[in-house]
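Enquirer: Numbering (this note's numbering), first residue to last: 527 to 1173. A virtual CB, placed ideally from N, CA and C, is assigned to each residue, including glycine. Take this structure, written in structure tokens, and hold onto it; I'll ask about it next.
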């Protein structure tokens, strides 16, 4: 037995030692797939594989970073040659090379969510529809790119779509940017269309984690990179929860149909969750129709576990009660704050619990996608984070056309789309950049009608950049993101990861971009983490609390057009809940309420019953009954307080 195989047995040993046939590893939550993946990498080292021709793709940057660290700890001299990254970062690096930019005519500068608002306003300005219409069309295009439907003959399908596609592409090319959803399809197209570059089949070994969460374009990309080598995919159809990112769970369930000679390896023993939770989860997910039939069993070494289902009188009572419960558990030494996860399907619920925790002196942070760079760009007083990030981007690169477009548009109801269109037309006619044109306008060398507001914003930008120029370390961070402002906390936390106090903007900008704009939830912390169920993927905790466990939230199903579509969304919501409950190592709390205020019903999408004054009655999620014989008996908030909060 190899030195790397110590402690391995059964399926895990087969993964580490298998031959070069395609391998599909079907791994339930907590079954040790990450450990098996690392052993496979170690075995490749020992076998004398060319490590610079090994690619390991993970779903998150955090997972990639952790894997790189563990690979280096194996002590092999050439271990650093192994590529461990996300598929998106691989394509971004590929498309950033000078040769790729020259051949494609595109620059892979991703357009952030708040920056997309300026794109939409500019498309509206040239008569392509309302903001909602443009948003829906772009979403349809993103779906087509992710599913590779754009490769079908006749795409775009209509003349209107063709006009929109051309206008969108022209805007992105002029602003030297890409939609985030373009990066992988563009990378795939670049590889497939240029076979002489030798990128197809570029790796001898490609290992892919969380394969069920990849979209069709991503799955075809990794197969293309492994065209002449060995492909191993690891995943779990039951944990496919990213339908809104166009994930293709059929990619793993039908993997053997597209890859001849596939060897299947199953990991079914859960070593993480309590026995009760495993049995509940198994019963729950069995309600999904058409899933790949697999067993899922708890390890005999796992604890029985503690499952609590409680119903509160109101959302306010729920937030306060959960905070008190966590406080008592922490005070008694039963759990540490950093080993508590609070999962809420709506950020309103998460914010309320976070604030209630802070009221009882328990450190807590919330992690919802729209938090960090939230704000209305049309109102200068309420968008400090987007403004600060844009200024940082322009300090790092004054020729960043997207950032310059945003800076010039902040504070206007139209985001100055008309004036920017006139400036853009001049630039396209004269072959100059927006910055060059604004410099000429500011100096009086150039005259254009109705662009005065743009010029004033540009002059202000020059003043701010002059003030910041040359600043380093803490002085730079303080000038851009003041310690006194609460919105700066996550940005300053990211900056704190930089070594020393002599870093410049070239070092600060990518750290802020990667750790704040594309934020991933930290695993090792000393505070309670509050987040959505989607964000909890890949995390574990001793105590997991799922709040808002009511119909309309769990499951949350909106905008369905057919019975088949409703069933598809219901099954994904069931998988999402399955992921949520299998985060726990010891205790699981399912928390519901009896009523919701009328003003929150529509924004939260809650299914309600009769009106109760200013509230509407609600019911516990249908998923409770899907636990079968393992269903916990719900208790009222009164019984909960007597049992868990009173000494």
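If the criterion is Cβ atoms closer than 9 Å, does the pair residue 801 and residue 755 meet it?
Expert: The residue given as residue 801 occupies position 275 in the chain shown. The residue given as residue 755 occupies position 229 in the chain shown. Their beta carbons are not under 9 Å apart, which means residue 801 does not touch residue 755 by this criterion.
Enquirer: From residue 797 to residue 922, what distance separates their C-alpha atoms?
Expert: The residue you call residue 797 lines up with position 271 of the chain shown. The residue you call residue 922 lines up with position 396 of the chain shown. Distance between the alpha carbons of residue 797 and residue 922 is about 47 Å.
Enquirer: Taking residue 1075 as the reference, give the member of 1115, 1057, 1098, 1092 with the closest Cα.
Expert: The sequence position of residue 1075 within the chain shown is 549, counting from 1. The shortest Cα separation from residue 1075 among 1115, 1057, 1098, 1092 belongs to 1115.
Enquirer: In the DSSP assignment, find the unbroken alpha helix (DSSP H) run with residue 667 in it and report its ends.
Expert: Here residue 667 refers to the residue found at position 141 of the chain shown. It spans 657-672 - the alpha helix (DSSP H) in which residue 667 sits, taken as one unbroken run.
Enquirer: Please classify residue 892 as buried or exposed, where buried requires at least 16 neighbouring CB atoms within 10 angstroms.
Expert: Residue numbering aside, residue 892 sits at position 366 when the chain shown is read from its first letter. It is buried - the Cβ of residue 892 has at least 16 other Cβ atoms within 10 Å.
Enquirer: Could you tell me whether the Cβ atoms of residue 703 and residue 633 are closer together than 9 Å?
Expert: The count along the chain shown starts at 1 and reaches residue 703 at position 177. The count along the chain shown starts at 1 and reaches residue 633 at position 107. The answer is yes: Cβ separation under 9 Å.
Enquirer: Could you check if residue 933 is buried or exposed, using at least 16 other CB atoms within 10 Å of its CB as the buried criterion?
Expert: Position 407 of the chain shown, counting from 1, holds the residue named residue 933. Buried, by the Cβ-count rule.
Enquirer: I'd like the span of the alpha helix (DSSP H) that includes residue 615, first residue to last.
Expert: Along the chain shown, read from residue 1 onward, the residue named residue 615 stands at position 89. Taken as a continuous stretch (DSSP letters only), the alpha helix (DSSP H) holding residue 615 covers 613-622.
Enquirer: Does the distance from the C-beta atom of residue 924 to that of residue 1013 stay below 9 Å?
Expert: Start at 1 with the first residue of the chain shown, and residue 924 comes out as number 398. Start at 1 with the first residue of the chain shown, and residue 1013 comes out as number 487. Cβ atoms of residue 924 and residue 1013: not closer than 9 Å.
Enquirer: Can you give the Cα-Cα distance for residue 642 and residue 1125, rounded to whole angstroms?
Expert: Taking the first residue of the chain shown as position 1, residue 642 is located at position 116. Taking the first residue of the chain shown as position 1, residue 1125 is located at position 599. Roughly 29 Å between the two C-alpha positions.
Enquirer: Out of 807, 908, 711, point me to the one whose CA is closest to residue 1011's CA.
Expert: The residue given as residue 1011 occupies position 485 in the chain shown. Here the closest residue by C-alpha is 908.
Enquirer: Sort 547, 580, 577, 593 by Cα distance to residue 564 and report the nearest one.
Expert: Locating residue 564 in the chain shown gives position 38, counting from the first residue. Nearest C-alpha to residue 564: 593.
Enquirer: Leaving out the 5 sequence neighbours to the left and right, which residues in its chain are closer than 7 Å to residue 961 when beta-carbon positions are compared?
Expert: Here the question's residue 961 lines up with position 435 in the chain shown. Counting only Cβ-Cβ distances below 7 Å, and skipping sequence neighbours, we find 924, 925, 930.
Enquirer: Can you look up residue 926 in the DSSP assignment and give me helix, strand or coil?
Expert: What you label residue 926 is simply residue 400 of the chain shown in a count that begins at 1. If DSSP states are grouped into helix, strand and coil, residue 926 belongs with coil.
Enquirer: Give me, in chain order, the residues of the same chain whose beta-carbon lies closer than 8 Å to that of residue 527; leave out the 5 immediate sequence neighbours on both sides.
Expert: Start at 1 with the first residue of the chain shown, and residue 527 comes out as number 1. Because residue 527 carries a pLDDT of 41, less than 50, the predicted location of this residue cannot be relied on, and the following value inherits that uncertainty. If we look at residue 527 and ignore the five residues flanking it on each side, it has no Cβ neighbours.
Enquirer: Since residue 853 contacts residue 888 with CB under 8 Å, what's their CB separation in whole angstroms?
Expert: What you label residue 853 is simply residue 327 of the chain shown in a count that begins at 1. What you label residue 888 is simply residue 362 of the chain shown in a count that begins at 1. Going by Cβ atoms, the distance from residue 853 to residue 888 rounds to 6 Å, so yes, they are a contact pair.
Enquirer: Considering only C-alpha positions, which residue in the set 611, 613, 672, 762 is nearest to residue 558?
Expert: Working through the chain shown from its first residue, we reach residue 558 at position 32. It is 762.
Enquirer: Using a threshold of 9 Å, state whether the C-beta atoms of residue 917 and residue 997 are closer than that.
Expert: Position 391 of the chain shown holds residue 917. Position 471 of the chain shown holds residue 997. Their beta carbons are not under 9 Å apart, which means residue 917 does not touch residue 997 by this criterion.
Enquirer: So, residue 938 versus residue 904, is the Cβ gap smaller than 9 Å?
Expert: For the purposes of this step, residue 938 is identified with residue 412 of the chain shown, where counting begins at 1. For the purposes of this step, residue 904 is identified with residue 378 of the chain shown, where counting begins at 1. For residue 938 and residue 904, yes; Cβs fall inside 9 Å.
Enquirer: Classify residue 563 as helix, strand or coil using the three-state DSSP reduction.
Expert: Working through the chain shown from its first residue, we reach residue 563 at position 37. In this structure, residue 563 counts as helix in the three-state DSSP scheme.
Enquirer: Would you mind reading off the limits of the alpha helix (DSSP H) that contains residue 1105?
Expert: Numbered from 1 along the chain shown, position 579 holds the residue referred to as residue 1105. It spans 1089-1107 - the alpha helix (DSSP H) in which residue 1105 sits, taken as one unbroken run.
Enquirer: Take residue 865 and list the residues in its own chain whose beta-carbon comes closer than 7 Å to its own, dropping the five residues that flank it on each side.
Expert: Counting from 1 along the chain shown, the entry for residue 865 is found at position 339. Excluding residues within five positions, the ones whose Cβ falls inside 7 Å are 1067, 1068, 1069.
Enquirer: Grab the span of the alpha helix (DSSP H) containing residue 699 for me, first residue to last.
Expert: What you label residue 699 is simply residue 173 of the chain shown in a count that begins at 1. It spans 685-700 - the alpha helix (DSSP H) in which residue 699 sits, taken as one unbroken run.
Enquirer: State yes or no: is the C-beta of residue 752 within less than 9 Å of the C-beta of residue 714?
Expert: Along the chain shown, read from residue 1 onward, the residue named residue 752 stands at position 226. Along the chain shown, read from residue 1 onward, the residue named residue 714 stands at position 188. Not in contact: residue 752 and residue 714 (Cβ atoms no closer than 9 Å).
Enquirer: Could you say if the region 779-793 and the region 689-702 meet the contact criterion of at least three C-beta pairs nearer than 8 Å?
Expert: The region 779-793 is not in contact with the region 689-702.
Enquirer: Give me the Cβ distance between residue 548 and residue 724, rounded to the nearest whole Å; I'm assuming they're in contact under 8 Å.
Expert: Along the chain shown, read from residue 1 onward, the residue named residue 548 stands at position 22. Along the chain shown, read from residue 1 onward, the residue named residue 724 stands at position 198. Actually they do not touch by this definition, with Cβ atoms about 22 Å apart.
Enquirer: So, helix, strand or coil for residue 681, using DSSP?
Expert: The residue you call residue 681 lines up with position 155 of the chain shown. Reduced to three states, the DSSP call for residue 681 is coil.
Enquirer: Taking the C-alpha atoms as reference points, what is the distance between residue 880 and residue 870?
Expert: In the chain shown, residue 880 corresponds to position 354, counting from 1. In the chain shown, residue 870 corresponds to position 344, counting from 1. Cα to Cα, the separation comes out at about 11 Å.
Enquirer: Which term fits residue 985, buried or exposed, when burial requires 16 or more other beta carbons within 10 angstroms of its beta carbon?
Expert: As a working note, residue 985 is residue 459 in the chain shown. Exposed, by the Cβ-count rule.
Enquirer: Per the DSSP calculation, residue 838 is bridged to which residue(s)?
Expert: What you label residue 838 is simply residue 312 of the chain shown in a count that begins at 1. Beta-bridge pairing links residue 838 to 1119.
Enquirer: Please check the pair residue 613 and residue 748, which I expect to be a contact at CB under 8 Å, by giving their CB distance rounded to whole angstroms.
Expert: If you number the chain shown from 1, residue 613 lands on position 87. If you number the chain shown from 1, residue 748 lands on position 222. Residue 613 to residue 748, Cβ: 7 Å. Contact.
Enquirer: Can the beta-carbon of residue 848 be found closer than 9 Å to that of residue 1071?
Expert: As a working note, residue 848 is residue 322 in the chain shown. As a working note, residue 1071 is residue 545 in the chain shown. Their beta carbons are under 9 Å apart, which means residue 848 touches residue 1071 by this criterion.
Enquirer: Since I believe residue 1083 is in contact with residue 1096 (beta carbons under 8 Å), could you give me their beta-carbon distance rounded to a whole number of angstroms?
Expert: Within the chain shown, the letter at position 570 stands for residue 1096. Within the chain shown, the letter at position 557 stands for residue 1083. Right, their Cβ atoms sit about 6 Å apart.
Enquirer: Can you tell me whether DSSP reads residue 636 as helix, strand or coil?
Expert: Residue mapping note: residue 636 aligns to position 110 of the chain shown, counting from 1. Strand, per DSSP.
Enquirer: Whole angstroms are fine: how far does the CA of residue 717 sit from the CA of residue 1046?
Expert: Taking the first residue of the chain shown as 1, we reach residue 1046 at position 520. Taking the first residue of the chain shown as 1, we reach residue 717 at position 191. Using only the alpha carbons, I get a separation of about 29 Å.
Enquirer: What residues match up with residue 823 in a beta bridge as DSSP calls it?
Expert: Looking up residue 823 in the chain shown gives position 297. 795.
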